Every structure is written in C-alpha cells, then in structure tokens.
C-alpha cells in the first residue's frame, strides 16, 4: 500500500483536469471519503479556481488549477490520473512511473498491447513500448486481480467498455460464430470531449444522427484485442459509432450469429452467473432492452439480451454513461481496487432518471 | 385521368388529418399548385379550424375539420388520403374504392401481399384480402409504372423506405450474401405519432436512446417482402429500431456481408447508375455517410456507401425525414405520379439545415 | 422526536410514488443513511416492483408498489410524504395527521394560508381549512424554526422557491419599488409531471419555447403571499412561466425597479450576509448569471445579481433543479430539519455538469 | 430598376456565405424564381462546392465558394448581401456602393443612426458615418416606402425584429408608460452563429438555460432607437437575452405597464388594424401566446397579447425564426421590395411543425 498523507488520505492528482473526463473525475472524487484531491492541472485555466470555470462545483472544489509541472505533480500526489490526449499521455507517464507513483491513464496510449497495432491505428510511434506489458487494461470485471497490483492502469475506452462487457459471457462459449460480430453504437456528444470544434456545436448536432469513422474508429483494435484474448481466437468486428443529440449516454447494439437457438432464458441465466458478484453490471429481464437513461451519472453497465429465433441471431443492448463507466467512474473503480477500498466507494448511486 | 372540379384542380380529402402524418400532408398540399384540399376529417377536432389547432398553418389552412362521414368525403374528393391506424383504414377504404375514388393509404393494411403474413404480424384478420393484389406498394423508385394506374396505393412505412432504397441496387447483384442483412435504425420521436402516450413524453425520451420491438417490429415483413421480390429469393433481415431524442429524421445503418471486395468506387457507380433518373435519391460521395439533418423537411433519401475491407462487409447509411419521404412526402410523390404531374411538384425543397 | 423502528431508522412512506416527484424522492431517500423507505403507493403500478417500472433504480429499490390503503400507510410509516395532485392531497392528509403521523405534502393544498385565495386560484373548496394555520410553508431558508416542530409541512412549488429565495434579501429593504416585480421563468418539461398528455409529448415540446398560464398561473398567490409576509406589504407580481426543451432545470429572471442605484458590490454583500449560514444557496460572483446546468440534480439554488444603471433596475437570475430544490430535495431537507439530522444529509452533491 | 442580366434575372452575390445566415440566404434564394445566385464567397471554404460543405443543398447549389475579391463580386452581382461580422462589413460596403451596386447588410454596422451610440456599444470607430443617413433600417413593416429606393439596407437584428414588431402598435398610443418596457428574450443556439466556440458546444448548451449580456447586449441601442422614433420620445428598455437548447426560434416576452385597462379585445383589434396589410405578421387569438414552433423556417412574426388586469400590465409574446424573419428571410423580403417583386416571393411557406 502507498504512503498515506498525514490525515491518512490518499493524495490524488489529475493532469488535464478541465476536459469533461477530468471534470467528471473531480466531481466523483470530491465526494470520495478516502482520498483528497491534491493537485489539478490545466493549461487553459491555470490560476483560475475550478469553481469559477465550473460553477457546478462551487463550494465543493474551489482550489485553483495549476500549470503542468511534473515535479510538483509527483511531489503532491500518491496517485496520478492522466486525462490527456493520446501521445501527450505517453510523453509524461514514464516519468511519473519512474518516480514511483501509480498512474491511471484515461488515454489510449497503453491499452493496445502490440505497439505495431497501436501505431497503425493511431498513426503514431509508441515511445514507451516497454511499459505495455506491465500496463493493465482497467476493466475490473475481467482484470480485477491484475489491477490490484498494477503500477499503470490503462483505463478502457467508452465504446470498448460497453462492447466487451456485453460480449464477455458469450465469447467464451460455443454458441456463436466469432466472425459474425457487428457492433452499432450510439453516443451522446460529451464523448467528443470539451474543445471548440464546429462539428460538435449545438446547431450542428441537434436534430441529427450521424455515423462517423465507419469501420476505422480507433476503438476497434481495443475491442478486438480484448475479445480475442477472451475467446482465444482472432476476432474481428464491424463497428459503427454514431453521434446522437444528447449529452450523456452510450448504447451499443450488438448482433451475433448463433450456432443454434438456446433454450429460453438460458442466455440470461448464463449472464447472471457470469456477473453474479459484479457490483456494476445489471441484467435486464428477458425481452427488455438496456436504455441509456437508466444509467445516467451512474457507474452501471446495463445489458439486455434478445434472441431472434427467425434469423438465428442474438441482439445485445449495452448501456453505459460514457463519462462514468465509460471513463471517470471506471477510473475511480480502478483506484478503489488499487487501494483496497470498497469497490463502489464514491460510486454508490443509482441512475438518475428523468 | 380523373374528372376535375370546375377550377380544374384535383379535389383532395384527407381522413385522419390531425396526426403528424395528416398534418404534414396538409402542409405539403397547401402549397401544391394543382390540387385543392376539399375536406379534412378529425374525430378529435371536428368543427375546429385547422389553424386554431395548428397555428403554424395560420393564414394557410383555416378551413374546419369535419367529422368522419364517408359519403361526404366521397362527395367532395377526387382523391382520398387515409391517415388512419391500421385496421381502421381497411374498414373504410373498400367503400371509397367502390365509389370510384382513388386512395393513397398511409397505413400498413395494404402493404403486405400475403394476408396470412399480415395477420401474423398485425394480430388482425384482414377484411379485404381481395384488394391486396391490385394495391400497389407506393415506392416510386421501384413501382412507378404500376403506381400510374393504381386505384389503391399502399404508401410504404418509414423504416422500409429507408431500407429498401438503400438495398435495391445491391440486392439484385451477386455481390452479397442475402442471408446476412442486418438493419439498425434510429428514428426521431415524431415517428411514434401524435397521441398522448407516456412512452413519448418529453422527459421520457430526452437524453435517452432505446431500442424497441427488437426483431419483432411490424415493418420487418414489409422489408422482407420487397427485398425478396427484388432479389427473387426469400430474404430475412434482422431489424432493430431505436428512438433517439430528436423530432424528425430516420437513419438506417445496414450491414451486409460481401462475397468479395469490389473495386474502389464500383459500388457508388452502380448506385449512381441505378438511381440516375431519380429526383429524390441522393448519393453521398465515397466515404461520406448520410446524416439526417441534410434531408430534414425534404423528400430526399440520402444514401452513403462504405466498404469495410477488413471484415468484408458493406455498411450503408440511409437517411430520410420520416414524415416526408418516410410518409407524407412520398404520398404526395405518389399522387403526382397518379395524376401525371411533375413528380416533385409541391416537394421542391432542399433539406433545411441547421 | 418520533418513535424509531427497531433498527433505529425512521420509516418513511410515500403516497403517489410513481410520478417524477415521487420517483425523485425515492432516489434521494434510497441513499439517506438515517431513514428507511417502508411503503410506496401507486395506483397505476400496484404490485409491480419499483425497479421494473424504473430500471434506473435496479438494485436500489426493488420493493413493490402498493395500492393506496390509508391504514397500511399509517401503520408502516413514521413520516409520510404525499406526492398527490392538489385536492386529492387534502382528502387524505387530515387522516394521516389525526393518526399522529407527520406529513410533508408536495401538493399546493396547504401552502396558501387564506382559504378564499386558495379557492379562487384552484377553483376548489378547501375541505380542511382548520389545518392551514398550523401547516408550515416548507422553505427552510425562511421557516427553519417553524419547520422543526411542524406536524404538516407544505412543501413549496418550484417557481415560488426560485422566486422567493431570489427576492427575500431584497424585499426587506427600502431599495426597491415593491409594485414593480416582474418574474419571467423558464422550466424544463419534467415540471409538467408524469402523465400522458399531448402537450408534453416530445415532438410538441422539442424545438419550441412557449409561455403558458400568463398572469394566471397558480403559483402566483404562493409567491405573493410569501413576499407580502417578508415585506410587510401587500405585494403583487407579474409572472409568466415558459416551457423550454430540456428535462430538468428552472430559471427565473426577475426584474425590479430600484429607488436608487446601490454602490457596486453592495447588493452581493447583502445577499452573502443574508445567506451566510445557508447550505443550499449559492451566490454568483458580480456580473455572472445563474445557469441551470450548474445545479442539475443538486439541491442548490444559485442566484445571480445584475444592476442595470441605465434603466435603474436590478435583474436577478435564480436557478434550481425543479425536481430537487424545486420539489423532492427540498422535501428531504425539510425531513432532515424535522428529525434533527444534518440538513444536507442525503443531499450532499454538487451540480452535475455536463 | 436595375440592369438585368441577359436571362432577365437579378444576379445576386453573397459575401460570407458559409455562416448560418449566409447558408439560410442560399437556401431561400435557391428557390426564388426571379433571381440567380451569381457568386458566393467564403474564406474558410474557397474552392469547395457549397453542397460538399452543406450536403443539405446537394442538387440545389453545387457551385463553388470563391475567395473574397471585391472586383469579382461587383462584376458578377446586381445586388450584394453582406453576411459578415460587424466592422468587417463596413470595411467593404462603401466600395460596393461606390460601384453602384445595392447592398443588403446583415451586420449591425449601418443600423444605428448615431455613430457615437454605435461606437459606445460596439467599442469600435465607425469608418463610414456619412452613409448612416441614407442607409435604411430594413424592417418592411415600418420602412417599406424607404426600402423601395434604398441603396443600402441595414437588415435588422433578430431580437430587435421581434421586439419592434410587437411594440409598434402600442408605442404610438397613450395606453402605456414608455419607461416601463421590459424585454425577456429566449433564443435558439443558431443565433450564436457558426464558428467553433466552446460556449456553444452541444454539451455546454443542452439541458441548460442561461441569460447572457444582461442589460448590455448590443441589440439594445437598436431597439431603443426604433421605439424612440416610433413614439417620438426617448425610450429606454431593459433587455435580457437567454440561450435555450433548441436550434431555431426566438421568443420575446415583453412586459409593459398600462395607464389604464383597455376594454376586452381592444388591443387585439388595434393590432389587427395596424398590421392588416402585412403578409408576415400574424396575431394570435385573445389569450393565446405565440410559440416558436409555429413559425419555424417561415418568415412570420407571430404576436400574442395578454392583458393582466391584476397588475395592470400587458404581456406580449413575439415569436420568429431567428434565421428567417430574424435574418435571411427578412433580407429576402427587403430584396423583393427593392426590386418590386411580390413581397413574399421565395418566402411562401407556413411554419413547419413538428
């Protein structure tokens, strides 16, 4: 276990704390009883108080953003969350690790085990491939044991979280054709991050649905890597993300060809068995789909299972809040595992509807 | 050709003219230079003026809604649009036809050629199966010739319109596996109609995406019938509709397994050839997807084509305005064909963005 | 203090627990450490589990809704929240009170002290006017002392909460003309409640803003009563509520004529002094307005103060989450006061943005 | 009348044709039977086709954007619309005028008659004050006669359009206190224009309502100038604009103190009389408010009148589509007047609802 600060609380630093992911980390951690936010960095807002930029946090987080100084961050933190764009993340994380700090990285830089695959999809040379082996893919439902002792946790992408959790119980079976997986995902616009961009202006996104990065989205190698590890086979998926006019929420609808039609209720039972000790996976009753508004602001992944006897396919629906289980909530869950806290600490909340 | 009224204009009646489909018919027809709206019925609003119920039409359509009296409708109309729920539509349409009037029916009652299939999916005995043979499925891009002389046009459903237009050029080829078609559709909430229903209240739909009627939606037999006719084989599709928080717009994302990878640009050329004389089908340039906000309030169907070489699939995106090409615009297009008007009369407008 | 149940927790019953207000009460109370939800009634959903109706609460509140049986509610509850429509509320609350139970009423039935005024605005005879005197208007910032010993708390309306909190520090001064108060409010659609109603269907509300009940809204007498009590004069206000296309959030923009221009910063200081011990009122810095997204899901009322020297008016902005500080959060705050709990218990959360 | 091009059509150029205002001009003009778009400029998109940037116009406007070259614009156009930011507009308009071309300017540069007032509110020296006198404020309902022979039309702002039309019939009477006018406006986000700006990103605007530029918005001097001219007195107004989560639409709610209560129906009659020949002003029946969704995409201004006897105030609601009557539709209306076309040419459409 880490060295605690004098009040016995873990000191947590967040690098890049003014994007939506960083902001959501702040919001969740501000209520966490065992940690203390010790430093927040933001180039854009250095020397401004967090609550002057985000008045939602007024009275909760009134400390100031700092400029990015690695030594100061190392000095002030036991654990560091990096909420930086890919490439930028790997330019600094090795330094944090060398200083003995633990890191939970929200970027994609340490998710892909094979640096060549990373380089192909991210058009970017990997500058610390030696860390890829020890980095742990931070999906607790699959890698809980490894996360416990990780120095570097690669927090999963939002789309991969929804897809891998929905597919894990199925991909290990003989029930499906592994080459038939088609994923159609729908995301709220907050997933696009918090930078001025014409494509994500209100009037461009409202009253519209659009597919993007069809078959070339960077979450594809991440999904394929994890499904391949789980199945022991080389898995390829078709993946189309869509942007829809809402702020939070991500739904993946997944189509898989069945080798044969299972008995009624069999799949649901299998999923219940698979996830029976999981605090953050909820299964919809037979025939119900997972809707995003049931998980808003919560760390849940809701999964619905539908068997289509006519076409011999199973249709899965998997809903998360892209900013929580799809990013910052999952990162806090990983932190809880790292430090031996109750896994849902700071994350105990139902979905907020309406 | 029909008997014209003294001013030389076609007299048009709309039965069930206070739902969104009826309202959209009124809006489009109010600007049509060759016809005259002669009667509008609505049980809910009988004796109220249209513009007192829908002030958007103030100064345009100030006539009053009438109660439903078949004789009066027959007496006042050359052509009758029926915008009634299924079952109710077929209870009255035979009477209209018997009186010699032409009918364009917005319901599903005469779309399915096989009454047994209709009965299975609609849980409803068909009371005039003898009309199914002469009823013409009102998709002009496929059935223009038949529509010209039809007495009864069965106006297609919104989802089928988007799917059949996207698939037609492909289904006739040897390029695809016909048993691999998966359709994932996203619709605005106006598609659910205009009746008070908790499921479609603002606070239930906003900030949410949800799948519904997974694998059991009533548009499935309609899609399968038409794709089967086009291909000459028995086609089955997986179909999942979703509701997303917008008013208008419908996007279908369609996944199909390719037998082999076509040369770059080949598919787009094929589609361009197929649709070269069509006024209402627009093809996106290579690699672009069809977005719904480009077709809003217009009668266009925009189609995007993406080939995924890695997974050997083609991914189609097909966007329509569910109330226009997906309903009332298409009905007016059918009317124009019936009467030999220019096919885009009353429908000449680009998409309205933003 | 009440008799506790054996585990030392207050037993709480909610009557009418399937509207948005009831649902929000359930959500907040499900995390409250000192109380236990003992019974929930809903005519619509009797015998269904709460989480089957609202899967957002899956794993949190899986108990079943009960039919409305007054004896059972009395038997099972120490404290009863009534989330019923007006008129219905006052038909049952006297029975609860007679049995010795405390009641927090979400309806308007006991807010107006003068039964004739109630009758004029609600077109409804008051059937228990004898209770009006002892009922306490549940706005803790004004009536904390009285709430502590209340048997019946009349929980304020959403609009009045935003207006009274914004006006209270000002109405007691000589700075303003009391006859010049104009309130223009904007509310999310969840404020309209959870019943099927055409007016609140998604497609009717989206992409629209509309004023309603101009100068005749039932919250007017409630606002006027409280401002009159605070000022010691008979206050009349102009009030126009608007519905805007969002789910949660309520902003009141208030215009008041100033007798003279105060020194810069004076008003903000005055407000800070007035609210210095209040846990749920936050003041925006000079020149900033209160925006609803900063208070979403929280119990805060954010207030912004702008002085317009040119026109000699002060413009106040007051933002709440209509379902929290505007309804259920405030009710829980009242419960905390009633039972001597920390006032923010179960309500400790910042606004959730984005 | 102007010199026509050989086909007898007016050649129209649009400078700055890739913002929302420019785009809306293109959309409306693309259907106008008497003019021809001859040149479109956009720095951002020079050499790209309009329909590749805005696929909504595919098949309608496939010409290319040009770089900004004043001579080319002058050479190719009979009439020039300038859809540039203020300051930039006045740097080029004098050149256009000198060459003998007519200009309709969408910016604020020639709306304010007094250059000192302009300079105070726009923090900007006016570089062609000699043109202010001959520039005509392009509100046809007030200045139709002057527009007919104008060389330079200063197209009004969106907020002023809604306010001046609502106030004009009243401001000329003795019925009101002229110093009591309070305007509370709510606008869709398209009003903020089409540039990447964090403040107008979807996730920042959705589920939020916020006031901005309270008492300091630049449309204030424009409103005050025109109301002062109409009344013959020096008018000051309180004005608070708000942004609400919708794309199009603008509602102004206006509060005015009455000297005495007029007889029922009197005000509506007065307004009907005042606007009896106006094609684009519609009056709501007694007691109904103007809602924005009734005017969407149309050039109407809908006005509702409510008298509050209790507080002796009149409450006006005035709804426009900010991009049409609030900008580009009005500009086309001005063009029609300039050239003697039917005033509603190219603008004949009802509101589009839903």
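Protein chains in written order, with our numbering: chain X, 1 to 354; chain D, 1001 to 1354; chain G, 2001 to 2354; chain B, 3001 to 3354.
For every residue, glycine included, the Cβ atom is placed at its ideal position computed from N, Cα and C.
Predicted model, so just to flag it, every value in this text is computed and none were measured.
| Contact set between residue 154 of chain X and chain B, taken where Cβ atoms lie within less than 9 Å | Within the first chain, numbered from 1, the residue matching residue 154 of chain X stands at position 154. In chain order: nothing, as chain B lies at least about 25 Å away.
| Residues in the region 75-91 of chain X with C-beta within 7 Å of chain G's C-beta atoms, listed in sequence order? | Of all residues in the region 75-91 of chain X, none has a Cβ within less than 7 Å of some Cβ in chain G.
| Using DSSP with H/G/I as helix, E/B as strand and the rest coil, what is residue 103 of chain X? | Locating residue 103 of chain X in the first chain gives position 103, counting from the first residue. Of the three classes helix, strand and coil, the one that applies to residue 103 of chain X here is strand, per DSSP.
| field | For residue 3253 of chain B, the residue or residues it bridges with in DSSP | value | If you number the fourth chain from 1, residue 3253 of chain B lands on position 253. According to DSSP, which records beta bridges pairwise, residue 3253 of chain B is partnered with B/3184, B/3317.
| Would you say residue 3206 of chain B faces chain X, with C-beta separation under 8 Å as the test? | Counting from 1 along the fourth chain, the entry for residue 3206 of chain B is found at position 206. For residue 3206 of chain B, the answer is yes, since a Cβ of chain X falls inside 8 Å of its Cβ.
| said: Between residue 1244 of chain D and chain E, is any beta-carbon pair separated by less than 8 Å? | reply: Here the protein chains are X, D, G and B, and chain E is not one of them.
| task | May I ask you to verify whether the region 1015-1029 of chain D touches the region 311-329 of chain X, counting CB pairs closer than 8 Å and requiring at least 3? | result | Touching, no.
| task | Starting from residue 163 of chain X, find everything on chain D with Cβ-Cβ shorter than 8 Å and list it in chain order. | result | In the first chain, residue 163 of chain X corresponds to position 163, counting from 1. Near residue 163 of chain X there are no residues of chain D at all, since even the closest Cβ is about 14 Å away, more than 8 Å.
| field | Cut-off 8 Å between Cβ atoms - residues of its own chain near residue 3 of chain X, not counting five sequence neighbours on either side | value | Within the first chain, numbered from 1, the residue matching residue 3 of chain X stands at position 3. Reliability fails at residue 3 of chain X, whose pLDDT of 45 lies under 50, so the model's placement of it is uncertain and the value that follows must be treated cautiously. Taken in chain order, the residues that qualify are 78.
| Cβ separation of residue 2253 of chain G and residue 3308 of chain B, assumed to be a contact under 8 Å, to the nearest whole Å | Within the third chain, numbered from 1, the residue matching residue 2253 of chain G stands at position 253. Within the fourth chain, numbered from 1, the residue matching residue 3308 of chain B stands at position 308. With a contact defined as Cβ atoms closer than 8 Å, residue 2253 of chain G and residue 3308 of chain B miss out at about 17 Å.
| field | Beta carbon of residue 1048 of chain D nearer than 8 Å to that of residue 3353 of chain B | value | Stepping through the second chain from its first residue, residue 1048 of chain D is reached at position 48. Stepping through the fourth chain from its first residue, residue 3353 of chain B is reached at position 353. Contact annotation: residue 1048 of chain D and residue 3353 of chain B have beta-carbon atoms that are not nearer than 8 Å.
| Can you tell me the Cα-Cα spacing of residue 68 of chain X and residue 14 of chain X, whole angstroms? | The residue labelled residue 68 of chain X in the question sits at position 68 within the first chain. The residue labelled residue 14 of chain X in the question sits at position 14 within the first chain. Computed Cα separation, rounded: 10 Å.
| field | Helix, strand or coil at residue 2051 of chain G [DSSP, three-state] | value | Position 51 of the third chain, counted from the first residue, corresponds to residue 2051 of chain G. Helix, per DSSP.
| task | Starting from the beta carbon of residue 2020 of chain G, find every residue of chain D whose beta carbon is closer than 8 Å, and list them in chain order. | result | Indexing the third chain from 1 puts residue 2020 of chain G at position 20. Under a criterion of Cβ atoms nearer than 8 Å, the residues of chain D adjacent to residue 2020 of chain G are, in order, 1203.
| message | With a threshold of 7 Å (Cβ to nearest heavy atom), would residue 324 of chain X be considered close to the ligand GTP? | response | This structure lacks the ligand GTP; in fact it carries no ligand of any kind.
| said: Beta carbons nearer than 7 Å to chain G: which residues of the region 1049-1070 of chain D have them? | reply: Among the residues of the region 1049-1070 of chain D, none has a Cβ less than 7 Å away from any Cβ of chain G.
| Using the beta-carbon count (16 or more within 10 Å), is residue 1167 of chain D buried or exposed? | Working through the second chain from its first residue, we reach residue 1167 of chain D at position 167. A residue is called buried when at least 16 other Cβ atoms come within 10 angstroms of its Cβ; residue 1167 of chain D meets this threshold and is buried.
| Roughly how many whole angstroms lie between the Cα atoms of residue 1146 of chain D and residue 246 of chain X? | Here residue 1146 of chain D refers to the residue found at position 146 of the second chain. Here residue 246 of chain X refers to the residue found at position 246 of the first chain. Straight-line Cα distance between these residues: approximately 43 Å.
| message | Do residue 200 of chain X and residue 355 of chain X count as a contact pair if the criterion is CB distance below 8 Å? | response | No information on residue 355 of chain X is available, as it lies outside the stretch 1 to 354 that chain X covers here.
| message | Does the region 2290-2297 of chain G come into contact with the region 2206-2223 of chain G, if we say contact requires no fewer than three beta-carbon pairs (one atom in each stretch) closer than 8 Å? | response | Here the region 2290-2297 of chain G does not lie against the region 2206-2223 of chain G, with fewer than 3 beta-carbon pairs under 8 Å apart.
| field | Segment limits, beta strand (DSSP E) that includes residue 2239 of chain G | value | Locating residue 2239 of chain G in the third chain gives position 239, counting from the first residue. Segment 2238-2243, the beta strand (DSSP E) holding residue 2239 of chain G.
| Are there three or more Cβ pairs, one per stretch, closer than 8 Å when the region 318-330 of chain X is compared with the region 294-306 of chain X? | The region 318-330 of chain X and the region 294-306 of chain X touch, with no fewer than 3 CB-CB distances between them shorter than 8 Å.
| message | How far does the beta strand (DSSP E) with residue 3305 of chain B in it extend, from its first residue to its last? | response | Numbered from 1 along the fourth chain, position 305 holds the residue referred to as residue 3305 of chain B. Per DSSP, residue 3305 of chain B belongs to the beta strand (DSSP E) from 3301-3308.
| message | Buried or exposed for residue 1259 of chain D, going by 16 or more other Cβ atoms inside 10 Å? | response | Translated into positions along the second chain, residue 1259 of chain D becomes position 259. Residue 1259 of chain D is exposed by the Cβ-count criterion.
| task | Pick helix, strand or coil for residue 2192 of chain G, following the three-state DSSP scheme. | result | Indexing the third chain from 1 puts residue 2192 of chain G at position 192. For residue 2192 of chain G, the secondary structure class from DSSP, reduced to helix, strand or coil, is helix.
| request: Pick helix, strand or coil for residue 37 of chain X, following the three-state DSSP scheme. | output: Here the question's residue 37 of chain X lines up with position 37 in the first chain. Residue 37 of chain X: strand per DSSP, three-state reduction.
| field | Local Cβ density within 10 Å of residue 133 of chain X, reported as buried at 16 or more and exposed below that | value | Here residue 133 of chain X corresponds to residue number 133 of the first chain, with the count starting at 1. Result: exposed.
| request: Check whether the Cβ atoms of residue 3279 of chain B and residue 3344 of chain B sit closer than 8 Å, and answer yes or no. | output: The count along the fourth chain starts at 1 and reaches residue 3279 of chain B at position 279. The count along the fourth chain starts at 1 and reaches residue 3344 of chain B at position 344. Result yes, Cβ atoms of residue 3279 of chain B and residue 3344 of chain B sit closer than 8 Å.
| Which residues DSSP lists as bridging residue 2015 of chain G, in chain order | As a position in the third chain, residue 2015 of chain G is number 15, starting the count at 1. Looking at the DSSP output, residue 2015 of chain G sits in a beta bridge with G/2041, G/2082.
| query | Between residue 2267 of chain G and residue 53 of chain X, what straight-line distance do the alpha-carbon atoms span, to the nearest angstrom? | reply | Numbered from its first residue, the third chain carries residue 2267 of chain G at position 267. Numbered from its first residue, the first chain carries residue 53 of chain X at position 53. About 23 Å.
| query | Which class does residue 69 of chain X belong to by DSSP, given the choice of helix, strand or coil? | reply | Here residue 69 of chain X is taken as the residue at index 69 of the first chain, counted from 1. In this structure, residue 69 of chain X counts as coil in the three-state DSSP scheme.
| said: Can you confirm whether residue 3255 of chain B, when its beta carbon is compared against all beta carbons of chain G, has any partner nearer than 8 Å? | reply: What you label residue 3255 of chain B is simply residue 255 of the fourth chain in a count that begins at 1. Closer than 8 Å to some Cβ of chain G, the Cβ of residue 3255 of chain B qualifies, so yes.
| task | Say whether chain B places a C-beta atom closer than 8 Å to the C-beta of residue 2129 of chain G. | result | One-based indexing of the third chain puts residue 2129 of chain G at position 129. The beta carbon of residue 2129 of chain G sits no closer than 8 Å to any beta carbon of chain B.
| request: Give a yes or no on whether 8 Å exceeds the smallest Cβ distance from residue 198 of chain X to chain B. | output: The residue given as residue 198 of chain X occupies position 198 in the first chain. Yes, because at least one Cβ of chain B sits closer than 8 Å to the Cβ of residue 198 of chain X.
| query | According to DSSP, is residue 1168 of chain D helix, strand or coil? | reply | Position 168 of the second chain holds residue 1168 of chain D. Helix, per DSSP.
| task | Kindly list the residues whose CB is nearer than 6 Å to the CB of residue 3127 of chain B, restricted to its own chain and excluding five residues on each side of it in sequence; keep chain order. | result | The residue given as residue 3127 of chain B occupies position 127 in the fourth chain. Only residues of its own chain outside the window of five on either side were considered, and among them 3090 have a CB closer than 6 Å to the CB of residue 3127 of chain B, listed in chain order.
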